[in-house]
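Numbering (our numbering), first residue to last: 1022 to 1143.
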């Protein structure tokens, strides 16, 4: 089963959900602020993205929380465990939409990319 973490106020999230429904893809939607991805889910996503060198891609770098915490400067010095722990506690920091399936992990919405990756998941 595919899980998609979304935020109601996010236009990209709404587009992604609309696209998934139009494509007939079965998924579970979770509110990212109230129930952020777990450390285990974040690790699985990181693996899908290519490993710890891609850690920054998990972060919503345009968000207010990212800027308020000064993560642009502090993230490079954080361990993977510290960064994932921070993301698991604050859904506002997680890049969204955040889609995770058995063999697919996607952050951000791009219909073309999603189409190729999700078709392989079904």
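We put the beta carbon where it would ideally sit given N, CA and C, even for glycine.
Fewer than three beta-carbon pairs drawn from the stretch 1027-1037 and the stretch 1091-1107 are found closer than 8 Å, and the two stretches are therefore not classed as touching. Burial check for residue 1112: the Cβ neighbour count within 10 Å reaches 16 or more, so the residue is buried. For the stretch 1083-1117, the continuous alpha helix (DSSP H) assignments of 4+ residues that do not extend past its boundaries occur at 1085-1089, 1092-1095, 1101-1110, in sequence order.
Take residue 1066, set aside five residues on each side of it, and the residues of its chain with a beta-carbon closer than 8 Å to its own are 1058, 1079, 1119, 1121, 1126, 1128, in chain order. Residue pairing for residue 1026: DSSP places it in a beta bridge opposite 1051, 1119.
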